[in-house]
Amino acid sequence: MDVNNCFDGIIGVKGCHNTQNAVLWVNDIEGMSNELMDKIADGDQETFFDVFKKCRTNAINQLKHDIKDVLLRATKRVKLNETIYKSEKARILRPIESNEFSETKIGILFTTADSKYIIGTFNSISLYPLVTTNCKAKLVDYETNEVLYESPEEIALEANKINSIPINTSIDSDNHRAIILVLERQSSDTEFNLGKLSCNRFKETKCKSCDPCESFDGYGQSTVSVIPHELIGLDQNNEFSIYPFVANELTDISEFTAIESFICVDVDIICSIEEFICQNASELGYAVTNKIAANILGEKMAGFRINNMAKGNLEYTKDLKDELNKTYRKVLELSVPNLPLDDVSMCWECDNKVGVYHKSMI
Numbered sequence: 000m001d002v003n004n005c006f007d008g009i010i011g012v013k014g015c016h017n018t019q020n021a022v023l024w025v026n027d028i029e030g031m032s033n034e035l036m037d038k039i040a041d042g043d044q045e046t047f048f049d050v051f052k053k054c055r056t057n058a059i060n061q062l063k064h065d066i067k068d069v070l071l072r073a074t075k076r077v078k079l080n081e082t083i084y085k086s087e088k089a090r091i092l093r094p095i096e097s098n099e100f101s102e103t104k105i106g107i108l109f110t111t112a113d114s115k116y117i118i119g120t121f122n123s124i125s126l127y128p129l130v131t132t133n134c135k136a137k138l139v140d141y142e143t144n145e146v147l148y149e150s151p152e153e154i155a156l157e158a159n160k161i162n163s164i165p166i167n168t169s170i171d172s173d174n175h176r177a178i179i180l181v182l183e184r185q186s187s188d189t190e191f192n193l194g195k196l197s198c199n200r201f202k203e204t205k206c207k208s209c210d211p212c213e214s215f216d217g218y219g220q221s222t223v224s225v226i227p228h229e230l231i232g233l234d235q236n237n238e239f240s241i242y243p244f245v246a247n248e249l250t251d252i253s254e255f256t257a258i259e260s261f262i263c264v265d266v267d268i269i270c271s272i273e274e275f276i277c278q279n280a281s282e283l284g285y286a287v288t289n290k291i292a293a294n295i296l297g298e299k300m301a302g303f304r305i306n307n308m309a310k311g312n313l314e315y316t317k318d319l320k321d322e323l324n325k326t327y328r329k330v331l332e333l334s335v336p337n338l339p340l341d342d343v344s345m346c347w348e349c350d351n352k353v354g355v356y357h358k359s360m361i
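Quick note, the sequence shown lines up with residues 0 to 361 if you use numbering that gives the first Met the number 0.
Here it is, written out as structure tokens:
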């Protein structure tokens with residue numbers, strides 16, 4: 000996710016066709032003009048719009064840091080940009096335990112809390128076939144049956160070695176609560192004959208500063224949860240859970256058969272500060288506009304194309320830059336606590352102590 004794109008149509012530069020649909024203009028800030036940015040720019044390699052984009056990127060990078068600080072002081076229910084679940088590297092067990100599956104699909108069902116800000120990044124899926132066969136990897140929304148990702152071509156699995164199939168796809172839980180990561184073979188292909196793997200332990204999430212998340216309405220029980228051998232009631236999932244299975248169809252969970260650790264997935268489930276910023280870009284726009292303007296003045300002071308030593312120019316620029324930074328921070332501290340935090344999960348329930356998490360049967 001490029002957070003800069005979330006401010007397209009919100010912050011722009013008057014007179015620039017690239018940002019003509021914006022509602023907030025950097026030019027409206029005291030001391031700002033296209034002429035100033037044009038003087039800062041290197042005419043051969045950089046335009047005034049490039050100066051704006053660079054200063055916007057730096058402003059948003061600063062916002063990512065500052066907004067966490069404001070949130071942590073404004074509320075007790077925040078733990079942003081922390082890994083909720085992090086997988087381990089797959090390892091084959093010795094002696095080899097194996098199983099043959101007649102079903103055409105083998106996969107894992109993931110469910111997450113109903114949050115605007117939780118992102119699942121699926122990196123790869125691994126298995127240890129004892130015979131060669133072909134398959135495709137897919138990410139499917141269980142509730143809508145929408146295919147979110149499909150490997151571009153059929154994959155030939157090699158026997159007697161761990162095969163790691165790249166996925167490299169991120170999914171947000173606000174739009175997709177229940178995701179299936181599945182390997183699918185044709186019925187005419189050789190059946191899956193797989194060795195058992197060791198993988199996917201829950202990782203302690205370094206929870207240091209958050210109280211139990213009230214947004215779970217009393218249902219959240221722990222930082223992570225796993226239900227490896229029971230069917231999952233999707234209407235009850237207020238926690239992260241996983242369910243490895245085999246099946247011939249993906250439309251009815253009651254037809255899924257639970258399995259043990261014959262596949263491993265490399266996945267990161269995180270609370271994303273970028274997603275939080277994008278969801279609230281309109282409310283944060285004025286603060287960011289002031290920070291962009293302050294950064295432009297910083298470019299002016301650092302550059303050699305403008306005579307900063309003219310009488311009063313350097314002092315005025317420095318004072319104005321400081322004032323814009325103060326306005327940015329003040330607006331941020333006033334606006335962030337008023338963002339809609341009550342009805343969404345921004346963290347996972349946390350008891351501030353190290354827990355013992357059972358190995359998942361994946």
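From the three backbone atoms N, C-alpha and C, an ideal C-beta is built for every residue, glycine too.
query: Report yes if the C-beta distance between L70 and V335 is below 9 Å; otherwise report no.; result: yes
query: Per DSSP, F244 forms a beta bridge with which residues?; result: G106 and A257
query: Taking a contact to mean a Cβ-Cβ separation below 9 Å, would you say I241 touches L108 in this structure?; result: yes
query: Taking C-beta to C-beta, are N60 and S123 nearer than 9 Å?; result: no
query: Counting only runs that start and end within the segment 110-170, where is the beta strand (DSSP E) found for 3 or more residues in a row?; result: 117-128, 132-140, 146-149 and 154-156
query: Which value, in whole angstroms, describes the spacing of the CA atoms of C5 and I95?; result: 50 Å
query: Which whole-angstrom value is the C-beta distance of I276 and I66, which I expect to be below 8 Å?; result: 7 Å
query: Answer yes or no: do Y141 and I91 have a C-beta to C-beta separation smaller than 9 Å?; result: no
query: Quick check: what's the CA-CA separation for N17 versus E314?; result: 33 Å
query: Taking DSSP's pairing of strands, which residues face E190 in a bridge?; result: Bridge partners of E190: none, in fact.
query: Checking 9 Å against the spacing of the C-beta atoms, do G14 and N3 come in under that value?; result: no
query: Use the C-beta contact count for E29: other C-beta atoms within 10 angstroms, 16 or more gives buried, fewer gives exposed.; result: exposed
query: Could you pull out every residue in the same chain whose Cβ sits closer than 6 Å to the Cβ of F245, ignoring the five residues on either side in sequence?; result: Looking at the sequence shown, residue 245 is not Phe but Val. Once the five neighbours on either side are set aside, the close Cβ partners of V245 are F100, E102, I105, T256 and I258.
query: Reducing DSSP to helix, strand and coil, say where R90 ends up.; result: strand
query: Out of curiosity, what's the CA-to-CA distance linking N236 and K195?; result: Only weak support exists for where N236 lies, its pLDDT of 39 falling under 50; the value from the coordinates is given anyway. C-alpha separation (whole angstroms): 28 Å.
query: Using only CA atoms, which one of N192, L182 and K299 lies nearest to E152?; result: L182
query: Does the beta-carbon distance from I262 to S125 come in below 9 Å?; result: yes
query: Using 8 Å as the Cβ pair cut-off and three pairs as the minimum, do the segment 284-295 and the segment 319-335 touch?; result: yes
query: Can the beta-carbon of K137 be found closer than 9 Å to that of I154?; result: no
query: Figure out for me which residue from Y148, S197 and K329 has the closest Cα to the Cα of I161.; result: S197
query: Could you give the first and the last residue of the continuous beta strand (DSSP E) run that contains L338?; result: From DSSP, L338 is part of no beta strand (DSSP E); its letter is neither H nor E.
query: Could you tell me if the beta carbon of V287 falls within a distance shorter than 8 Å of some heavy atom in the ligand SAM?; result: Looking for the ligand SAM in the displayed structure turns up nothing, as the structure carries no ligands at all.
query: Can you have a look at M31 and say buried or exposed, based on whether 16 or more other CB atoms are within 10 angstroms of its CB?; result: buried
query: Take V330 and list the residues in its own chain whose beta-carbon comes closer than 8 Å to its own, dropping the five residues that flank it on each side.; result: Y285, A286 and N289
query: For the putative contact between K320 and G297, defined by C-beta atoms under 8 Å, what is the C-beta separation to the nearest angstrom?; result: 6 Å
query: Does DSSP put L296 in a helix, in a strand, or in coil?; result: helix
query: What three-state label does DSSP hand G11 in the structure shown?; result: strand
query: So is G11 buried or exposed if we call it buried at 16+ other beta carbons inside 10 Å?; result: buried
query: For Q278, does the count of other Cβ atoms within 10 angstroms reach 16, so buried, or fall short, so exposed?; result: buried
query: Evaluate H228 with the Cβ neighbour count: other Cβ atoms within 10 Å of its Cβ, from every protein chain shown; 16 or more gives buried, anything less gives exposed.; result: Any reading at H228 needs caution, since the residue's pLDDT is 29, under 50, leaving its predicted position unreliable; the model's value is listed next. Label assigned to H228: exposed.
query: Look at the Cβ atom of L147, then the Cβ atom of I117, and state whether they are nearer than 9 Å.; result: no
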